[in-house]
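Asker: According to this note's numbering, the residues represented by the sequence shown are 523 to 777, in order. Even glycine gets a Cβ: it sits at the ideal position worked out from N, Cα and C. None of the values given here were measured: they were computed from a predicted structure. Here it is, the structure in full.
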Amino acid sequence: MIIIADSGSTKCDWMLVEAGKSLVEFSTMGFNPYFVDNKTIIKKLEEKEVLHQYATKVNDVFFYGAGCSSGEMRNILSEALAIVFPKAKIYVSHDLNGAALATYTGEPHIAGILGTGSNSCFFDGKQIYEEIPALAYILGDEGSGSYYGKELLADFLYRRMPPHLQQEFEASYQLSKESIMTAVYRKPHANVYLASFTRFCSLHRTEPYIQKKIIKGMHAFLETHVLCYKNAKSVPVNFVGSIAWHFQAELKEVG
């Protein structure tokens, strides 16, 4: 029996597999080791009742996660998973590896991640090449959920939204400058908090203001994370992630 996990910063999807067939699928919070420690990971997994009957029967755990690019960060996951799945061999890898493999169709391609955060790599079928680093939500994450959240919150506080959207945003979230600053600068998981406002973009995507925001973010992602590859215009570019899925029309438009 094996278990496969695909984790972003917001959500982690799990699948238990035996004899090539899916037994159970479930989700937890995202386990990005930059934002959660191993105690939290253990606690959240032990709370999943579905694992109680399977945890000791799992032989291999394959975890692909955001923030798992360095050995230090991977160790946080490995140590936690080894406690939850005591008889299993633990394999922890970067979410880029998972994205590259999941979207591979037999020919070299660029794999992009557009979810809470953003990233990309080139995969030739054997090896993964990362041209530029992911800089997370403060310095980077172009075109991601956290990117759009920052854009919306800044415009809301600066009163740069169209009046009817300013009123709608205020009515929907009941925010103040103080509550926003506390959530972004003092509380944990600021990236997830920021990304939560992307729903407003989805609900109002036909508004010219929102369309302009979405297109701007997609351009920023492509210019930073795709065109950095010399062969960007000659190989397929495939995507995973909630933002890529929900805004695929806009992504195709700028691509």
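Could you have a look at Thr746 and say whether DSSP puts it in helix, strand or coil?
Answerer: Thr746: helix per DSSP, three-state reduction.
Asker: Hey, would you say Ile564 sits closer than 8 Å to Ala588, going by beta carbons?
Answerer: No, Cβ-Cβ distance for Ile564 and Ala588 is not below 8 Å.
Asker: Around the Cβ of Ser544, are there at least 16 other Cβ atoms within 10 angstroms (buried) or fewer (exposed)?
Answerer: It is exposed - the Cβ of Ser544 has fewer than 16 other Cβ atoms within 10 Å.
Asker: Quick one: residues in its chain with C-beta nearer than 6 Å to the C-beta of Ser549, no 5 flanking neighbours on either side, listed in chain order?
Answerer: Taken in chain order, the residues that qualify are Lys533, Asp535.
Asker: If you count every other CB in all the chains shown that lies within 10 Å of the CB of Leu773, and 16 or more means buried, which is it?
Answerer: It is buried - the Cβ of Leu773 has at least 16 other Cβ atoms within 10 Å.
Asker: Restricting to Cα atoms, I'd like to know which of Val606, Glu700, Ala712, Met523 is closest to Lys787.
Answerer: Within the shown structure, residues of the chain are numbered from 523 to 777, placing residue 787 beyond reach of any answer.
Asker: Consult DSSP for Cys643 and reduce its assignment to one of helix, strand or coil.
Answerer: If DSSP states are grouped into helix, strand and coil, Cys643 belongs with the strands.
Asker: With 16 as the cutoff for other CB atoms within 10 Å, does Arg681 come out buried or exposed?
Answerer: Exposed: under 16 other Cβ atoms inside 10 Å.
Asker: Taking the alpha helix (DSSP H) that Gly620 falls in, what are its first and last residues?
Answerer: Where Gly620 is concerned, the enclosing alpha helix (DSSP H) stretches over 617 to 624.
Asker: Quick one, which of Asn581, Leu749, Ala541, Cys723 has its alpha-carbon nearest Tyr669's?
Answerer: Taking only the C-alpha atoms, the option nearest Tyr669 is Cys723.
Asker: Measure how close the beta-carbons of Leu538 and Tyr576 come, nearest whole angstrom, since I'm counting them as under 8 Å.
Answerer: Going by Cβ atoms, the distance from Leu538 to Tyr576 rounds to 6 Å, so yes, they are a contact pair.
Asker: Please classify Ser591 as buried or exposed, where buried requires at least 16 neighbouring CB atoms within 10 angstroms.
Answerer: So Ser591 ends up on the buried side.
Asker: Rounded to a whole number of angstroms, what is the C-alpha to C-alpha distance between Met551 and Asn753?
Answerer: Met551 and Asn753: Cα-Cα distance of roughly 36 Å.
Asker: Are Leu687 and His726 close, meaning C-beta to C-beta below 8 Å?
Answerer: Yes, they are a contact pair.
Asker: Between Ile732, Tyr731, Val759, Lys735, which lies nearest to Leu744 when the distance is taken from Cα to Cα?
Answerer: It is Val759 whose Cα lies nearest to the Cα of Leu744.
Asker: Would you decide whether Met740 is buried or exposed? Buried here means 16 or more other CB atoms lie within 10 Å of its CB.
Answerer: Buried, since its Cβ has 16 or more Cβ neighbours within 10 Å.
Asker: Can the beta-carbon of Lys611 be found less than 8 Å from the beta-carbon of Asn641?
Answerer: In this structure, Asn641 does not lie closer than 8 Å to Lys611 by Cβ.
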